[in-house]
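Q: Protein chains in written order, with our numbering: chain A, 1 to 203; chain B, 204 to 400.
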Amino acid sequence: MAKSKLLKTFTEPLGKNNPVFVQILGICSTLAVTNKVQNTMVMVLGVTFATALSAWTVSLLRKLIPSRIRMMVETMIIAAYVILVDIILKAYYPEMWKQLGPYVGLIITNCIVMGRVEAFALTNKPLPSLVDGLASGLGYAYVLLLISVVRELMGSGSLWGYRILGSWWTNWAIMIMPPGGFFILAIAIWMIRETVGKEVSHA
Amino acid sequence: MPSHVSAFAVFFASIFTSNILLTNYLGMCSFLAVSKEMKTSVGLGAAVTFVLAVTTPLNWLVYHYLLIPFNLEYLRFIVFIIVIAAFVQLTEMTLERYSEPLYQSLGIFLPLITVNCAILGASLFMVIREYTFVTSLLFGIGSGIGWLLAIVAMSGIRTKLRTANIPPALEGPGISLIIAGFMAMAFMGFSGMIAVS
Numbered sequence: 001m002a003k004s005k006l007l008k009t010f011t012e013p014l015g016k017n018n019p020v021f022v023q024i025l026g027i028c029s030t031l032a033v034t035n036k037v038q039n040t041m042v043m044v045l046g047v048t049f050a051t052a053l054s055a056w057t058v059s060l061l062r063k064l065i066p067s068r069i070r071m072m073v074e075t076m077i078i079a080a081y082v083i084l085v086d087i088i089l090k091a092y093y094p095e096m097w098k099q100l101g102p103y104v105g106l107i108i109t110n111c112i113v114m115g116r117v118e119a120f121a122l123t124n125k126p127l128p129s130l131v132d133g134l135a136s137g138l139g140y141a142y143v144l145l146l147i148s149v150v151r152e153l154m155g156s157g158s159l160w161g162y163r164i165l166g167s168w169w170t171n172w173a174i175m176i177m178p179p180g181g182f183f184i185l186a187i188a189i190w191m192i193r194e195t196v197g198k199e200v201s202h203a
Numbered sequence: 204m205p206s207h208v209s210a211f212a213v214f215f216a217s218i219f220t221s222n223i224l225l226t227n228y229l230g231m232c233s234f235l236a237v238s239k240e241m242k243t244s245v246g247l248g249a250a251v252t253f254v255l256a257v258t259t260p261l262n263w264l265v266y267h268y269l270l271i272p273f274n275l276e277y278l279r280f281i282v283f284i285i286v287i288a289a290f291v292q293l294t295e296m297t298l299e300r301y302s303e304p305l306y307q308s309l310g311i312f313l314p315l316i317t318v319n320c321a322i323l324g325a326s327l328f329m330v331i332r333e334y335t336f337v338t339s340l341l342f343g344i345g346s347g348i349g350w351l352l353a354i355v356a357m358s359g360i361r362t363k364l365r366t367a368n369i370p371p372a373l374e375g376p377g378i379s380l381i382i383a384g385f386m387a388m389a390f391m392g393f394s395g396m397i398a399v400s
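(1) Is there contact between the stretch 148-163 of chain A and the stretch 65-72 of chain A, where contact requires at least three CB pairs shorter than 8 Å?
(2) Rounded C-beta distance between Pro126/A and Leu60/A? I'm assuming under 8 Å.
(3) Within the present structure, is the beta-carbon of Phe253/B separated from the nearest heavy atom of the ligand NAP by less than 7 Å?
(4) Please return the same chain residues whose Cβ sits closer than 6 Å to the Cβ of Ser400/B, not counting the five positions on each side in sequence.
(5) What would DSSP say about Leu61/A, mapped onto helix, strand or coil?
(6) Closest to Pro178/A by C-alpha separation, out of Gly246/B, Ala389/B, Gly343/B, would be which residue?
(7) If we count Cβ pairs, one from each stretch, closer than 8 Å, do we get three or more for the stretch 12-26 of chain A versus the stretch 127-145 of chain A?
(8) With H, G and I counted as helix, E and B as strand and the rest as coil, what does DSSP make of Arg163/A?
(9) Below 8 Å on the Cβ atoms is my guess for Gly46/A versus Val104/A; work out the distance and round it to an integer in Å.
(10) What residues of chain B sit near Gly157/A, judged by a beta carbon separation below 7 Å?
(11) Apart from the five residues on each side of it in sequence, which residues of its chain come closer than 8 Å, Cβ to Cβ, to Val213/B?
(12) Contact criterion: CB-CB distance below 8 Å. Does Pro413/B meet it with respect to chain A?
(13) Taking 7 Å as the limit between beta carbons, can you name the residues of its chain near Thr317/B, skipping five residues before and five after?
(14) Check whether the stretch 216-224 of chain B touches the stretch 167-175 of chain A, taking contact to mean three or more Cβ pairs, one atom from each stretch, closer than 8 Å.
(15) By the criterion of Cβ-Cβ separation under 8 Å, what are the contact partners of Val58/A in chain B?
(16) Over the uninterrupted alpha helix (DSSP H) stretch that includes Asn262/B, give me the two end residues.
(17) From Ile27/A, Lys36/A, Tyr92/A, Thr40/A, pick the residue whose C-alpha is nearest to that of Thr109/A; which is it?
(18) Would you kindly check if the distance between the Cβ of Ala321/B and the Cβ of Leu225/B is under 8 Å?
(19) Given this structure, state the Cα-to-Cα distance separating Ala353/B from Val251/B, to the nearest angstrom.
(20) Should Lys8/A go down as buried or exposed, given a rule of 16 or more other Cβ atoms within 10 Å for buried?
(21) Pull up the DSSP beta-bridge partners for Ser326/B, would you.
(22) Should Glu152/A go down as buried or exposed, given a rule of 16 or more other Cβ atoms within 10 Å for buried?
(23) In chain order, which alpha helix (DSSP H) runs of at least 4 residues are fully inside the stretch 285-332 of chain B?
(24) Under a three-way DSSP split, which group does Ser4/A fall into?
(25) Is it the case that the stretch 88-103 of chain A contacts the stretch 30-42 of chain A, given that we only count it when at least three CB pairs across the two stretches are under 8 Å?
(26) Per DSSP, what kind of secondary structure is Ser209/B in: helix, strand or coil?
(27) Would you kindly check if the distance between the Cβ of Arg361/B and the Cβ of Ser233/B is under 8 Å?
(28) CA-CA distance, Tyr306/B and Thr297/B?
(29) Give a yes or no on contact between the stretch 241-258 of chain B and the stretch 368-386 of chain B, applying the rule of three or more CB pairs nearer than 8 Å.
(30) Going by beta-carbon coordinates alone, are Thr215/A and Leu144/A separated by less than 8 Å?
(31) Can you pull the chain A neighbours of Ile381/B, defined as C-beta to C-beta under 9 Å?
(32) Skipping 5 residues on each side, what residues in its chain have a beta carbon closer than 7 Å to that of Ser394/B?
(33) Nearest by alpha-carbon distance to Glu118/A: which of Leu165/A, Trp56/A, Trp190/A, Gly161/A is it?
(34) In three-state terms, what does DSSP make of Ser158/A?
(35) Buried or exposed: Arg163/A, going by 16 or more other Cβ atoms within 10 Å of its Cβ?
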């Protein structure tokens, strides 16, 4: 595999083929934790880890997996990595683990992980699959982090738990409540599509 | 979740105040993709309700009678997914074999459901909130009805949107998310009635 092609595999999900803006995938499990930057960081790291390594593993096994039960096998592989994330979090960051609650487990059903495995890893070699999974995870990560920065800043006047805005700032309670997540994501998608101006497939 | 919260309160809360879609963002993918037509929304919503109503108590049984006695709680993600996938597969096969009309209206949505976050999410919530069996059953049914309500309302609004003048960049998912935001705000209005976080 040529180096330039690998590079392209890496940069595409970060920009013009971004899983969140272009494909509107995988917002289920992570949007819920974007009211705090810290939680979001942990979640997106988990998603990136799971996406990259499941893509790599599935790609290694792609010739061995019978196509009729491939979804099941893929889900098992993804679930194994998510359990790893869950156990590590529980052991080293029990507070964080408690706050995230069920959302860590829900990485399994995050459409991005399954999406990359199905669309890329099943037909590509292990290394490009790993790169693709990593890049998709990162492309997803920075968008979600951006959303969480806006939400925490406006909703609590803080970033990473530290108060940034002075006492003059009145917290917008709506931002840390569920509707805020919908609005900020919608506005972000709107801005990106307006500026990039790309005609993209409608979900 | 303290266990003194009555099962009935959990049932209503899961429909309105803590709607699994509008407050926990679960099941967004199919919510955005399938909410274009009223008819398909109703079909998918009904299928989700059915699967949630069965798998949530089923997973409760599996968790309390299989995983806990053997100290295998950490395997719950895999086991829940297997239970859900197996149940969905079985239902699909049964419907296909015995009831053609039901298969046409409900069965075709079933494959979509295994990867619907709401189903696994409800099972995980049920474990974390320490629901009893009856509460889990009502929570499953309630979450399903809440999801159905949200997607049907959404598809109704989207039908009207077809004739509306929307900025091109906002079309499709963008405007749907904004509507979902407003719906979430409307559902928050119920929170004065029952508060179950």
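Just so it is clear, CB atoms sit at the ideal spot from N, CA and C, and this is done for glycine as well.
A: Quick look at the numbers:
(1) no
(2) The count along the first sequence starts at 1 and reaches residue 126/A at position 126. The count along the first sequence starts at 1 and reaches residue 60/A at position 60. Right, their Cβ atoms sit about 5 Å apart.
(3) The model depicted lacks the ligand NAP and carries no ligand whatsoever.
(4) Counting from 1 along the second sequence, the entry for residue 400/B is found at position 197. Note that Ser400/B scores 48 on pLDDT, short of 50, meaning its location in the model is unreliable; the coordinates nonetheless yield the value given after this. There are no such residues.
(5) Counting from one through the first sequence, the residue named residue 61/A turns up at place 61. Three-state result, Leu61/A: helix.
(6) On the first sequence, residue 178/A is found 178 positions in, with the first residue counted as 1. The shortest C-alpha separation from Pro178/A is found at Ala389/B.
(7) yes
(8) Here residue 163/A is taken as the residue at index 163 of the first sequence, counted from 1. Strand.
(9) Translated into the one-based positions of the first sequence, residue 46/A becomes position 46. Translated into the one-based positions of the first sequence, residue 104/A becomes position 104. At roughly 6 Å, the Cβ-Cβ gap stays under 8 Å, so Gly46/A and Val104/A are in contact.
(10) As a first step, residue 157/A must be located in the first sequence, where it is residue number 157. Going along chain B, no residue has its Cβ under 7 Å from Gly157/A, so there is no contact; the nearest lies around 21 Å.
(11) In the second sequence, counting from the first residue as 1, residue 213/B sits at position 10. If we look at Val213/B and ignore the five residues flanking it on each side, its Cβ neighbours are Tyr334, Thr338, Leu341, Phe342, Gly345, Val399.
(12) In the structure as shown, chain B begins at 204 and stops at 400. Residue 413/B is therefore absent and cannot be evaluated.
(13) On the second sequence, residue 317/B is found 114 positions in, with the first residue counted as 1. Only Ile287, Ala288, Val291 meet the Cβ criterion.
(14) no
(15) Along the first sequence, one-based indexing puts residue 58/A at 58. Simply none; closest approach about 15 Å.
(16) For this step, residue 262/B is matched to residue 59 along the second sequence. 241-265 is the extent of the alpha helix (DSSP H) around Asn262/B.
(17) On the first sequence, residue 109/A is found 109 positions in, with the first residue counted as 1. Ranking Ile27/A, Lys36/A, Tyr92/A, Thr40/A by Cα distance to Thr109/A puts Ile27/A first.
(18) Counted from its first residue, the second sequence places residue 225/B at position 22. Counted from its first residue, the second sequence places residue 321/B at position 118. It is not a contact, given that the beta carbons lie outside the stated cut-off.
(19) Along the second sequence, one-based indexing puts residue 353/B at 150. Along the second sequence, one-based indexing puts residue 251/B at 48. Computed Cα separation, rounded: 12 Å.
(20) For this step, residue 8/A is matched to residue 8 along the first sequence. When all chains shown are included, Lys8/A counts as exposed.
(21) Position 123 of the second sequence, counting from 1, holds the residue named residue 326/B. Ser326/B pairs with nothing; no bridge assigned.
(22) The residue given as residue 152/A occupies position 152 in the first sequence. Label assigned to Glu152/A: buried.
(23) 303-308, 313-316, 320-331
(24) Here the question's residue 4/A lines up with position 4 in the first sequence. It is helical.
(25) yes
(26) Locating residue 209/B in the second sequence gives position 6, where the first residue counts as 1. In this structure, Ser209/B counts as coil in the three-state DSSP scheme.
(27) Your numbering for residue 233/B matches position 30 in the second sequence. Your numbering for residue 361/B matches position 158 in the second sequence. The answer is no: Cβ separation not under 8 Å.
(28) For this step, residue 306/B is matched to residue 103 along the second sequence. For this step, residue 297/B is matched to residue 94 along the second sequence. Their Cα atoms are separated by approximately 9 Å.
(29) no
(30) Residue 215/A is absent from the structure shown; chain A starts at 1 and stops at 203.
(31) Sequence index remark: in the second sequence, residue 381/B carries index 178 (1-based). Ordered by position in chain A, the residues that pass the 9 Å Cβ test against Ile381/B are Phe182, Phe183, Ala186, Ile187, Trp190.
(32) In the second sequence, residue 394/B corresponds to position 191, counting from 1. Hits under 7 Å: Thr220.
(33) As a first step, residue 118/A is located in the first sequence; it is residue number 118 there, counting from the start. Looking at the Cα atoms, Trp56/A is the closest of the given residues.
(34) Indexing the first sequence from 1 puts residue 158/A at position 158. Three-state result, Ser158/A: strand.
(35) In the first sequence, residue 163/A corresponds to position 163, counting from 1. Arg163/A comes out exposed.
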